[in-house]
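Q: Take this structure first; my questions come after.
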Amino acid sequence: LAKTTQPISMDSYEGQEVNITCSHNNIATNDYITWYQQFPSQGPRFIIQGYKTKVTNEVASLFIPADRKSSTLSLPRVSLSDTAVYYCLEVPGGGADGLTFGKGTHLIIQP
Amino acid sequence: DSGVTQTPKHLITATGQRVTLRCSPRSGDLSVYWYQQSLDQGLQFLIQYYNGEERAKGNILERFSAQQFPDLHSELNLSSLELGDSALYFCASSVSGGIEEQYFGPGTRLTVT
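First to last, the sequence lines map onto chains A and B.
For any residue, its number in the numbering used here is found by taking its place in the first sequence, counting from 1, and adding 43.
For any residue, its number in the numbering used here is found by taking its place in the second sequence, counting from 1, and adding 171.
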């Protein structure tokens with residue numbers, strides 16, 4: 044049973060900013076919110092991780108409100124190569140017990 | 172290239188058989204994870220090892236078992252195979268098995284006929 048809820052699919056266009064939101068209604072105090080990207084027939088790749096507020100790296104930003112009930116992955120100026128499945132997950136602080144990837148959001152970028 | 176290697180890349184076997192999948196983690200990583208990905212179930216966490224010891228268990232069937240050896244490579248054993256076990260099996264590794272990012276291997280595609 045997935046612990047998070049995210050849209051099954053999203054469409055956007057090259058050059059746009061894309062925001063994917065995930066619900067974390069029962070997140071535990073010591074869980075970190077983490078996002079992965081997966082291309083077909085490849086293993087997932089880590090994008091970004093945060094606990095609260097905003098985190099930014101060279102590829103994305105992650106917004107987490109104070110109540111931590113949701114998170115938003117922001118991809119600036121997407122390109123065709125950003126077409127992939129994006130997973131949000133709650134990573135336990137002490138190990139992988141309860142680790143769940145869910146079905147992810149299939150993001151399709153069009154020219 | 173994540174630095175995680177998995178063998179074999181493809182495996183075709185019959186129902187009722189047993190297979191072993193192998194994973195070598197990134198140099199320096201102490202923790203190994205196994206995942207199963209099928210079309211209907213998505214990406215399922217199976218089991219985690221840290222420095223040779225089992226640390227966490229997910230949706231791993233009793234017919235499946237795993238171990239991590241002293242050189243830190245890991246093997247996933249699948250027995251009494253069923254058609255529904257056909258899937259992509261990924262191994263991932265991380266430095267200490269906590270919240271840090273996991274590095275995934277290229278996967279082993281298992282087909283049970």
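Here a beta-carbon is modelled for each residue, glycine too, at the ideal position from N, C-alpha and C.
Compare the C-beta of isoleucine 183 (chain B) against all C-beta atoms of chain A and say whether one is closer than 7 Å.
A: Cβ-Cβ to chain A under 7 Å: no for isoleucine 183 (chain B).
Q: Quick one: is leucine 188 (chain A) near chain B, going by C-beta distance under 7 Å?
A: With chain A represented from 44 up to 154, any question about residue 188 (chain A) goes unanswered, as that position is not in the structure.
Q: If you measure from the beta carbon of tyrosine 129 (chain A) to each beta carbon in chain B, is any gap under 7 Å?
A: No, tyrosine 129 (chain A) does not count as interfacial toward chain B.
Q: Listing by chain order, which chain B residues have their CB less than 8 Å from the CB of alanine 139 (chain A)?
A: What alanine 139 (chain A) touches in chain B: Tyr204, Phe216, Gln219, Arg226, Ala227, Gly229 and Gly268.
Q: Return the first residue and the last residue of the beta strand (DSSP E) that alanine 263 (chain B) is part of.
A: That run of the beta strand (DSSP E) goes 258-265.
Q: For alanine 185 (chain B), count neighbouring Cβ atoms within 10 angstroms of its own Cβ and tell me buried if that reaches 16, exposed if not.
A: Burial call: exposed.
Q: Isoleucine 76 (chain A) lies in the beta strand (DSSP E); which residues open and close that run?
A: Looking at the DSSP string, the run of the beta strand (DSSP E) that includes isoleucine 76 (chain A) is 75-81.
Q: Does the beta carbon of phenylalanine 89 (chain A) sit closer than 7 Å to a beta carbon anywhere in chain B?
A: Taking Cβ atoms only, chain B reaches closer than 7 Å to phenylalanine 89 (chain A), which makes this a yes.
Q: Is the Cβ of glycine 58 (chain A) closer than 7 Å to any Cβ of chain B?
A: Chain B, which has no Cβ nearer than 7 Å to the Cβ of glycine 58 (chain A), makes this no.
Q: Against chain A, with Cβ distances strictly below 7 Å, would glutamate 287 (chain B) count as a contact?
A: Summary: the structure shown does not reach residue 287 (chain B), with chain B confined to residues 172 through 284, and so no result is reported for it.
Q: Mind checking if phenylalanine 235 (chain B) is an interface residue toward chain A, Cβ cutoff 7 Å exclusive?
A: No, phenylalanine 235 (chain B) does not count as interfacial toward chain A.
Q: Are the C-beta atoms of phenylalanine 240 (chain B) and some chain A residue less than 7 Å apart?
A: Output row for phenylalanine 240 (chain B): interface = no.
Q: Taking only three categories from DSSP, how would you classify serine 124 (chain A)?
A: Helix.
Q: What would DSSP say about glycine 138 (chain A), mapped onto helix, strand or coil?
A: Of the three classes helix, strand and coil, the one that applies to glycine 138 (chain A) here is coil, per DSSP.
Q: Taking the alpha-carbon of leucine 201 (chain B) as reference, which of B:Glu224, B:Val266, B:Ser195 and B:Ala227 has the nearest alpha-carbon?
A: Cα-wise, what sits closest to leucine 201 (chain B) is B:Val266.
Q: At the level of alpha carbons, what is the spacing between asparagine 62 (chain A) and leucine 116 (chain A)?
A: Roughly 6 Å separates the two Cα atoms.
Q: To which residues does DSSP link valine 203 (chain B) through a beta bridge?
A: DSSP output for valine 203 (chain B) lists B:Tyr220 and B:Ser264 as bridge partner(s).
Q: Following the continuous beta strand (DSSP E) through phenylalanine 89 (chain A), name the residue where it begins and the one where it ends.
A: Here the beta strand (DSSP E) through phenylalanine 89 (chain A) covers 88-93.
Q: Please report whether the beta-carbon of glycine 213 (chain B) lies at a distance below 7 Å from any beta-carbon of chain A.
A: Judged by the 7 Å Cβ criterion, glycine 213 (chain B) is in contact with chain A.
Q: Go ahead and label histidine 67 (chain A) buried or exposed: buried means 16 or more other beta carbons lie within 10 angstroms of its beta carbon, across all protein chains shown.
A: The residue is buried, with at least 16 neighbouring Cβ atoms inside 10 Å.
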